[in-house]
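In this text, residue positions in the sequence shown follow the working numbering: the first is 248, and each later residue adds one.
Quick notes on the structure that follows.
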Amino acid sequence: MGGVKVSEIAYLAGTTVRTVRWYHRIGLLSIPEGRPRDYGFDHLARLVHIRWLAQSGMSLKAVGQILDGSPEADARDDLDSALARIDEEIRSLKAQRERIAGLRELAGSGAKLSPIPASLDQFYARVREHLTDPEQIEILDRDRVLAALGGTSYTLPDLVGVHVTEADVAKTAEAIELFAQARRAADSDDLARLVDRFLDIYTELAERIAGQGFAEAFASANDGPGLDRLLTALRVAYPDGRQQAFIELCLRKLAIPSLGELGGAEPDRTGTAPTRAVDRAGTD
């Protein structure tokens, strides 16, 4: 073929001018000599080969080794990684499909579309009937928003098939009342007393529904980035210093790392902007 411009060879190979120039920069594709730069058939053949290997999931380093016949070239690791990524995407797409199918079914029934399962939404409604204090109702409403936030990233527990007793509802309302009292705790001993009772309720409810899918659904929030995200959301939802102290004491008693220990934004105690442990590390 006669010489073509960079835009034309990019078009023929199904890529962009920016990508072609990046391949030049990292040494994958030679730069035509002379001015103007005319690309020949050999350039096109190599570019097509590069694109085919890269789109198969191989790293550009491995692509270069294979095309240059390097003895270190071994595509298996790169292809194994590509297969693992594809498998994860398939799992994610399957979960998304199930979620969309469920939403379609809800839409057909005229029910409200919400990231919170209907059974859990009904549970919140039952708890709210037990609350009369505006502060406690606000805490419940914020907790529901936090649950909705979680529902955008992982599967929330569906309470269908779980017999939620009136005692469960009453205990949940009591736990909310205890959390509200944290803002008026007289001292650390008073706060610890509230936390201990709160955790008694938390433990009893968790044990009663263990093995029914509820605890497992939240397991992802207790590990790595999921926990960091949850704790950051809690700090935004409940910025009061005593409420944050209540949450941190609960985490310590449950042996769950706090946001500061994870390197995330720490709760504001002084009225200044939140700080991150990683930011302070550079100033010590």
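By construction, the Cβ of each residue, glycine as well, lies at the ideal position given by its N, Cα and C atoms.
Item to check | Beta-bridge partners of V251, as assigned by DSSP | outcome: Under DSSP, the beta-bridge partners assigned to V251 are Y286.
Checklist entry - How close, in whole Å, do the beta carbons of H296 and P279 come, if the pair is a contact with beta carbons under 8 Å? => result Contact between H296 and P279 is absent: CB atoms are separated by about 17 Å, not below the 8 Å threshold.
Next on the checklist: Any contact between the region 419-427 and the region 382-391? By contact I mean 3 or more CB pairs, one from each, below 8 Å.
Outcome noted: yes
Next on the checklist: Under DSSP, the alpha helix (DSSP H) around Y485 begins and ends at which residues?
Outcome noted: Run containing Y485: none; DSSP gives neither H nor E here.
Next on the checklist: Pop quiz: I256 and L307 are said to be a contact at Cβ under 8 Å. What is the actual Cβ separation, rounded to whole angstroms?
Outcome noted: About 18 Å separates the two Cβ atoms, so there is no contact after all.
Checklist entry - Under three-state DSSP, which class holds F380? => result Note that residue 380 corresponds to Asp in the displayed sequence, not to Phe. Note: D380 maps to coil in three-state DSSP.
Checklist entry - Where do the ends of the alpha helix (DSSP H) carrying T262 lie? => result Looking at the DSSP string, T262 is not in any alpha helix (DSSP H), and its letter there is neither H nor E.
Next on the checklist: For R391 and Y371, I'd like the C-alpha separation in whole angstroms.
Outcome noted: 7 Å
Checklist entry - Taking Cβ to Cβ, would you say E413 is nearer than 8 Å to I448? => result no
Checklist entry - When burial is assigned at 16 or more other CB atoms within 10 Å of the CB, is I486 buried or exposed? => result In the sequence as displayed, the identity of residue 486 is Pro instead of Ile. Result: exposed.
Item to check | Pairwise C-alpha distance: C497 and V442 | outcome: 6 Å
Checklist entry - Nearest-angstrom Cα distance between L360 and F445? => result 32 Å
Item to check | Host alpha helix (DSSP H) of I347 (start-end) | outcome: 322-356
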